[in-house]
Every structure is written in structure tokens, then in C-alpha cells.
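Okay, so the sequence shown: first residue is 3 according to the working numbering, each after it adds one.
The beta-carbon is built from N, C-alpha and C at its ideal position, and this holds for glycine as well.
Note that the coordinates shown come from a computational prediction; the quantities given were computed from them, not determined experimentally.
The block underneath contains the structure these notes are about, expressed in C-alpha cells.
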Amino acid sequence: QHKKRYGVPRITRVLQDQNEPCSHTRVARRMQAMGLTALAKKKFKVTTDSEHSLPIYKNHLGRDFSATAINQKWACDITYIRTLEGWLYLAVVIDLYSRAVIGWSMNKRMKKNLVCDALSMALFRRKFPIGVIVHSDRGSQYCSLQYQQMLKQYQLIGSMSRRANCWDNAIAESFFHTLKVELIHNYSYQTREQAKLSVFQYIEGYFNQQRIHSALDYKAPFEFECAG
């Protein structure tokens with residue numbers, strides 16, 4: 003079901019939730035005996051283009067990624083996916099309360115429409131809340147007039163990381179890291195459409211619905227929202 007995406011802590015929690023007596027040590031020992039390991043981590047490069055003179059927002063988030071309810075703080079970012087046809091770019095919007103990916107968009111070009119489409123999806127799914135802090139890096143797409151007009155139109159509070167500081171958007175960076183480790187690095191996509199389908203299934207069918215997070219009391223994002 004989880005396709006080697008879970009290591010010892012998550013497997014232990016799943017078994018305990020199923021009333022199976024176990025400990026981290028026991029699970030680790032059994033996994034080692036069976037030759038099982040979680041997927042390995044790999045580094046990936048930064049795609050942010052912050053060399054521009056476009057207007058930027060101050061950092062309203064200040065590395066405080068906590069939230070007490072949905073639609074208080076959203077984090078946005080862009081990453082890339084290699085296919086034999088060329089690059090596919092993915093933009094996401096993440097609710098910091100539950101880590102749910104509430105908006106996403108994919109395109110072969112990393113233009114302003116990519117981030118605007120992801121934000122549009124988030125707004126629609128969340129029924130157009132106002133006053134949300136929407137955080138991103140200083141990439142030219144997020145500094146574009148079209149994107150900043152959307153923030154003003156829907157009464158959202160723009161927030162941006164300091165220059166060349168990925169830790170200011172750590173939750174979005176963490177999601178992309180997880181996506182790469184658990185999905186992207188394990189496939190060779192022939193076409194962009196193939197990659198799109200794979201990412202869609204991962205986000206909507208697995209990550210939001212099934213993948214448990216230690217920061218969410220070992221619940222999946224949408225499960226955590228319902229419990230709250």
C-alpha cells in the first residue's frame with residue numbers, strides 16, 4: 003500500500019493502531035531481517051529565480067509554521083520533474099495546519115500562470131477564505147503582477163521568504179523532498195502526461211488521504227482536518 007514509503011516510526015504506529023503489540027526496536031529488527039528499508043533520500047536543486055526587480059512582500063510568516071485551524075497560513079512553491087519529453091513543473095499550495103496540498107498545477111513552462119492556477123484551485127477548494135497568509139519564495143512567478151493582483155482581489159496577505167533562504171519555506175520544501183523520495187526518483191517518465199497522472203494520484207489519492215505525519219499525531223492531512 004505504501005510502496006516502501008514508511009520507515010520504522012510510521013510502520014510502528016500503523017501496527018499499534020491495528021492493536022498489534024510492537025516497538026520501534028522490534029519493527030526495526032524485523033525489517034532488517036526481511037531486507038526491508040524505506041526509500042533513500044536524494045538532494046535536488048533549487049529552481050527559484052529571485053534575480054529580478056519586481057515588488058516583494060515582507061516575511062509575515064517568520065518561520066512560524068504553526069496554525070490552530072485551516073486557512074490561517076498557506077505555503078506555496080514550485081519544483082520540477084524530469085521526463086523524456088522535457089521538464090514538467092509543479093506548483094503547490096499547502097495548508098500549514100494540516101500539511102494538505104489544497105492547490106496544485108502542472109505545466110511544461112514555469113510561468114506566472116503555473117502559480118496562479120495552483121492558487122485558484124486552493125481558493126476554490128477552501129471556498130475563498132479571506133485574511134490567509136500566503137507564503138512563497140521570491141521567485142519571479144510569485145512577484146508577477148497577475149499573482150499579486152490575485153492576492154489583493156481575494157484579500158489574502160502576501161508573504162515571502164528572505165532571499166536565498168529555503169528554511170523560510172521549510173514546509174513546502176519538505177513536501178517536495180518527500181514527493182521526490184517517495185515517487186519521482188523511483189520512476190522514469192516517458193511523457194509529461196504520464197508524470198502528471200502519477201503526481202495527481204500521489205497527491206490526491208495518497209498524500210492527502212493516507213500518508214500519516216508525525217507532526218499530525220500520525221494522521222493523514224484530511225483525517226487531521228476532520229478530527230480537528
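Assigned secondary structure, residue i (DSSP; H/G/I helix, E/B strand, else coil)
i      : result
Ser200 : helix
Ser142 : coil
Asp219 : coil
Val29  : Because Val29 sits at a pLDDT of 49, beneath the cut-off of 50, its placement in the model cannot be relied upon, and the point is left open.
Leu92  : strand
Arg84  : strand
Met123 : helix
Ile214 : coil
Leu116 : helix
Asn171 : helix
Ala69  : coil
His62  : coil
Tyr99  : coil
Ala166 : coil
Lys182 : helix
Gly207 : helix
Lys129 : coil
Leu56  : coil
Euclidean distance between Cα positions of residue i and residue j
i      : j      : result
Ser190 : Tyr204 : 16 Å
Gln151 : Gly105 : 18 Å
Tyr59  : Arg65  : 15 Å
Leu121 : Val134 : 12 Å
Cys118 : Ser216 : 31 Å
Pro131 : Ala229 : 20 Å
Cys168 : Gln192 : 30 Å
Lys198 : Leu90  : 8 Å
Gln143 : Val201 : 21 Å
Asn188 : Leu181 : 10 Å
Tyr156 : Asn210 : 25 Å
Glu227 : Ile72  : 8 Å
Asn171 : Gly88  : 27 Å
Gln212 : Glu225 : 8 Å
Val183 : Ile83  : 12 Å
Glu195 : Thr85  : 9 Å
Ser52  : Ser146 : Here the model assigns Ser52 a pLDDT of 48, short of 50, so the residue's position is not dependable, and the following value carries that caveat. Cα to Cα, the separation comes out at about 12 Å.
Pro1   : Ser176 : For the chain, the structure presents residues 3 to 230; residue 1 sits outside this window and is missing.
Ala124 : Ala77  : 11 Å
Phe178 : Glu206 : 15 Å
8 Å contact criterion, which residue i and residue j should meet: CB distance rounded
i      : j      : result
Arg165 : Arg140 : 6 Å
Ile96  : Ile173 : 6 Å
Tyr208 : Ile214 : At roughly 11 Å, the Cβ-Cβ gap does not stay under 8 Å, so Tyr208 and Ile214 are not in contact.
Tyr149 : Lys114 : 6 Å
Lys75  : Leu63  : 7 Å
His137 : Ser161 : 4 Å
Asp79  : Val94  : 6 Å
Ser107 : Leu116 : 5 Å
Residues that DSSP places opposite residue i in a beta bridge
i      : result
Trp106 : Val94
Ile135 : Lys75, Ile159
Tyr191 : Thr85
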